[in-house]
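Enquirer: Residue numbers (the numbering used here): 1 to 565. No residue lacks a Cβ here, since even glycine has one placed at the ideal position from N, Cα and C. Computed from a predicted structure; not experimentally measured. Questions regarding the structure given below will be posed in turn.
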């Protein structure tokens, strides 16, 4: 709370980064640390990484602003939380707790700075954190290149890490940062090597130079590295792991986050190979994926973790791996991969769905949540073909559902199908919950998020719905933000109709709620990453926004910086 507050607005992450980190840790303790970390990093990569690489890139502790309402950013909040997490890794959990105790006792009732917080950590840990404080002042997402070299004679494995901090608006030639890199090494059978005299299986490498080498002894066979375990730092990792390496990590890595990351890495590589070279899906991937589905069926498996591991990366996540984003081509290729997996493993997916259907349906326990998540992941993959049997399966899932999680999961697919029976079900849901505003927000958002040819028309119709109120921020987010930020295929539809729909909403909101209008500009900020035809249309929309009469400072700041990129 405000028992210790910020001396000035530039210190905002002092409170907000810390409270986001606290929330993440609480949620992890409530359910699964691995799953919570996966969800937090997915959110960070999807929203904060583009911000750090775009025209509005700024440090965790900025030094200037035009409109304070635009200060509540992913960088200050989510990246700020990552800075706190790294700090704890570097000085250790015990010292971190001592440092926070000292901070709260020393500064109770005062307005202080990020430097004051770090000073407490230096005092209890007896470490010089001067270099670490660059995380507060340097913008941009660091890139780390990993190289591994095995010496069969000496039985050593040498890791070389090279860091690069990209240029960002107003910042060039940046200094090397202190980056904690958690690493483990697996032998060819999937067993972990002991990495030091303490027999630790995970070790923190403290990267402080532009390039550093670290050597591990007593490595009997060429290892497969498990790099950046638990996402120990908010960086972009570049490595040369092949499909065989990634398959071993997927099957055997005891670090749940890195198991998931290995799967994502594998699928990114496969999808990019299809997009760029028209290559076939490797047989080895089918074999590995099949073993993962078998694991889903084992009673002792972590259902929530397995649901994340078998999930296919989203169009947005795939796009972030590419130099030029063509959402239509990405969506088609992603569908191709899903259809191939369903063709190979339909029976296994059906078993997963049936085995976890109606199990502890209305309980809110980690096991019940995981079971529902895995069931609904299987449902979404099974019904990707949009055939009649898929519609029937989702209608049946909706009709027998006894909780909101399962209802929404079924409705998400029905919103894509848009058959007469699907429309009737959507209307039934609305009529049943029309007295509950938050549920109706969800009703708006799942329709706006549906990847369907009808979505743009439906969103345009919904803005005139009796229950849509342009003056209600939650309702605006549920319709326009859901469409523009959660539906890349429809928003980036090649005619530009999606851009025009959002531009008109921003124009209307400029006078009503400039802060929300500015937030809705987010998907326009990255226009330069898309195909030339889409770039042209997005720039045209931004220029039209700049011509709005009585343009608010909120909207002006975001629009002008986006166009200046």
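(1) Please list the terminal residues of the continuous alpha helix (DSSP H) segment that includes residue 225.
(2) Roughly how many whole angstroms lie between the Cα atoms of residue 452 and residue 444?
(3) Cα separation between residue 326 and residue 278?
(4) One question on the structure: do residue 473 and residue 510 come within less than 9 Å of each other, judged by their Cβ atoms?
(5) For residue 189, does the count of other Cβ atoms within 10 angstroms reach 16, so buried, or fall short, so exposed?
(6) Alpha carbon to alpha carbon, how far is residue 286 from residue 344? Give it in angstroms, no decimals.
(7) Considering only C-alpha positions, which residue in the set 270, 524, 321 and 240 is nearest to residue 148?
(8) Which residues mark the beginning and the end of the beta strand (DSSP E) in which residue 300 is found?
(9) What beta strand (DSSP E) runs, 3 residues minimum, are completely inside the region 46-127?
(10) Using the C-alpha atoms, what's the distance from residue 15 back to residue 329?
(11) Do three or more CB pairs link the region 498-508 to the region 476-490 at distances below 8 Å?
(12) Using a 10 Å radius around the Cβ and a threshold of 16 neighbouring Cβ atoms, would you call residue 568 buried or exposed?
(13) Roughly how far, in whole angstroms, is the beta-carbon of residue 237 from the beta-carbon of residue 248, given that I think they are within contact range, below 8 Å?
(14) With a threshold of 16 other CB atoms inside 10 Å of the CB of residue 387, please say whether the residue is buried or exposed.
(15) Considering only DSSP beta bridges, list what residue 192 is partnered with.
(16) Tell me the DSSP secondary structure of residue 462 in three-state form.
(17) Hey, residue 296 and residue 312 are a contact pair by Cβ (cut 8 Å); roughly how many whole angstroms apart?
(18) Apart from the five residues on each side of it in sequence, which residues of its chain come closer than 7 Å, Cβ to Cβ, to residue 383?
(19) For residue 143, write down the residues that DSSP places opposite it in a beta bridge.
(20) Drop a sphere of 10 angstroms on the beta-carbon of residue 10, count the other beta-carbons inside from all chains shown, and report buried for 16 or more, exposed for fewer.
(21) Relative to the alpha-carbon of residue 166, which residue among 141, 178 and 185 has its alpha-carbon at the smallest distance?
(22) Any idea which residues DSSP pairs residue 148 with across the strands?
(23) For residue 43, count neighbouring Cβ atoms within 10 angstroms of its own Cβ and tell me buried if that reaches 16, exposed if not.
(24) Taking residue 414 as part of the alpha helix (DSSP H), name the residues at either end of that continuous run.
(25) State the Cα-Cα distance for the pair residue 546 and residue 559, rounded to the nearest angstrom.
(26) Could you tell me if residue 585 is buried or exposed, where buried requires 16 or more neighbouring beta carbons within 10 angstroms of its beta carbon?
(27) Could you tell me the distance, in whole angstroms, from the CA atom of residue 93 to the CA atom of residue 244?
(28) Ordered along the chain, which non-local residues of its own chain (more than five positions away) have a Cβ less than 6 Å from that of residue 410?
(29) Of the residues 462, 251, 72 and 257, which one's Cα is nearest the Cα of residue 191?
(30) Taking the C-alpha atoms as reference points, what is the distance between residue 419 and residue 339?
(31) I want to know whether the region 534-551 touches the region 64-80 - three or more CB-CB distances under 8 Å.
(32) So, are the CB atoms of residue 320 and residue 45 less than 9 Å apart?
(33) Looking at the secondary structure, which residues open and close the beta strand (DSSP E) in which residue 6 lies?
(34) Rank 370, 163 and 129 by C-alpha distance to the C-alpha of residue 601 and give the top, closest one.
(35) Tell me whether the region 102-112 and the region 27-41 touch, counting them as touching only if at least three CB pairs, one residue from each stretch, are closer than 8 Å.
(36) In the DSSP assignment, find the beta strand (DSSP E) that holds residue 206 and state where it starts and stops.
Expert: According to the structure shown:
(1) Residue mapping note: residue 225 aligns to position 225 of the chain shown, counting from 1. For residue 225, there is no enclosing alpha helix (DSSP H); the enclosing beta strand (DSSP E) covers residues 224-227.
(2) To locate residue 452, count along the chain shown from 1; it is residue 452. To locate residue 444, count along the chain shown from 1; it is residue 444. For residue 452 and residue 444, the distance between alpha carbons rounds to 15 Å.
(3) Within the chain shown, numbered from 1, the residue matching residue 326 stands at position 326. Within the chain shown, numbered from 1, the residue matching residue 278 stands at position 278. So the alpha carbons of these two residues sit roughly 15 Å apart.
(4) Here residue 473 refers to the residue found at position 473 when the chain shown is read from its first residue. Here residue 510 refers to the residue found at position 510 when the chain shown is read from its first residue. Against a cut-off of 9 Å, the Cβ pair of residue 510 and residue 473 comes out as no contact.
(5) Here the question's residue 189 lines up with position 189 in the chain shown. Per the 10 Å Cβ criterion, exposed.
(6) Here residue 344 corresponds to residue number 344 of the chain shown, with the count starting at 1. Here residue 286 corresponds to residue number 286 of the chain shown, with the count starting at 1. The alpha-carbon atoms of residue 344 and residue 286 are separated by roughly 8 Å.
(7) Position 148 of the chain shown, counted from the start, is the residue given in the question as residue 148. For residue 148, the nearest C-alpha among the options comes from 240.
(8) As a first step, residue 300 is located in the chain shown; it is residue number 300 there, counting from the start. Careful: residue 300 lies outside any beta strand (DSSP E) and carries neither H nor E.
(9) DSSP runs (the beta strand (DSSP E)) wholly in the region 46-127: 110-112.
(10) Along the chain shown, one-based indexing puts residue 329 at 329. Along the chain shown, one-based indexing puts residue 15 at 15. Roughly 42 Å between the two C-alpha positions.
(11) A contact exists between the region 498-508 and the region 476-490.
(12) With the chain covering only 1 through 565, there is no way to say anything about residue 568.
(13) Looking up residue 237 in the chain shown gives position 237. Looking up residue 248 in the chain shown gives position 248. About 17 Å separates the two Cβ atoms, so there is no contact after all.
(14) Here residue 387 refers to the residue found at position 387 when the chain shown is read from its first residue. Residue 387 is exposed by the Cβ-count criterion.
(15) Mapped onto the chain shown, residue 192 falls at position 192. DSSP lists 186 as partners of residue 192.
(16) Position 462 of the chain shown, counted from the start, is the residue given in the question as residue 462. Reduced to three states, the DSSP call for residue 462 is helix.
(17) Here residue 296 refers to the residue found at position 296 of the chain shown. Here residue 312 refers to the residue found at position 312 of the chain shown. Incorrect: roughly 15 Å between the Cβ atoms, too far for contact.
(18) Numbered from its first residue, the chain shown carries residue 383 at position 383. Taken in chain order, the residues that qualify are 390, 393, 394 and 413.
(19) Start at 1 with the first residue of the chain shown, and residue 143 comes out as number 143. Under DSSP, residue 143 shares a beta bridge with 164 and 236.
(20) If you number the chain shown from 1, residue 10 lands on position 10. The residue is buried, with at least 16 neighbouring Cβ atoms inside 10 Å.
(21) Reading the chain shown from its first residue, position 166 is the one you call residue 166. Looking at 141, 178 and 185, the one whose alpha-carbon comes closest to that of residue 166 is 141.
(22) In the chain shown, the residue the question calls residue 148 occupies position 148. The partner list for residue 148 (beta bridge, DSSP) reads 159.
(23) Here residue 43 refers to the residue found at position 43 of the chain shown. Exposure of residue 43 is indicated by the presence of fewer than 16 other C-beta atoms within 10 angstroms of its C-beta.
(24) Residue mapping note: residue 414 aligns to position 414 of the chain shown, counting from 1. Note, residue 414: alpha helix (DSSP H), 404-417.
(25) The residue you call residue 546 lines up with position 546 of the chain shown. The residue you call residue 559 lines up with position 559 of the chain shown. Rounded to the nearest angstrom, the two C-alpha atoms are 7 Å apart.
(26) The displayed coordinates of the chain run from 1 to 565. Any statement about residue 585 would go beyond what the structure contains.
(27) Position 93 of the chain shown holds residue 93. Position 244 of the chain shown holds residue 244. Straight-line spacing of the CA atoms in residue 93 and residue 244 works out to 35 Å.
(28) By one-based count along the chain shown, residue 410 stands at place 410. These residues qualify, in order along the chain: 394, 397 and 398.
(29) In the chain shown, the residue the question calls residue 191 occupies position 191. When only C-alpha atoms are compared, the closest one is 251.
(30) Against the chain shown, residue 419 aligns to sequence position 419. Against the chain shown, residue 339 aligns to sequence position 339. One C-alpha to the other measures close to 21 Å.
(31) Because the criterion of three Cβ pairs below 8 Å is not met, the region 534-551 and the region 64-80 do not touch.
(32) Translated into positions along the chain shown, residue 320 becomes position 320. Translated into positions along the chain shown, residue 45 becomes position 45. Yes, they are a contact pair.
(33) By one-based count along the chain shown, residue 6 stands at place 6. Taken as a continuous stretch (DSSP letters only), the beta strand (DSSP E) holding residue 6 covers 4-6.
(34) What is shown of the chain runs 1 to 565, which leaves residue 601 out entirely.
(35) Counting C-beta pairs closer than 8 Å gives fewer than three between the region 102-112 and the region 27-41, which falls short of the contact rule.
(36) Sequence index remark: in the chain shown, residue 206 carries index 206 (1-based). Looking at the DSSP string, the run of the beta strand (DSSP E) that includes residue 206 is 203-207.
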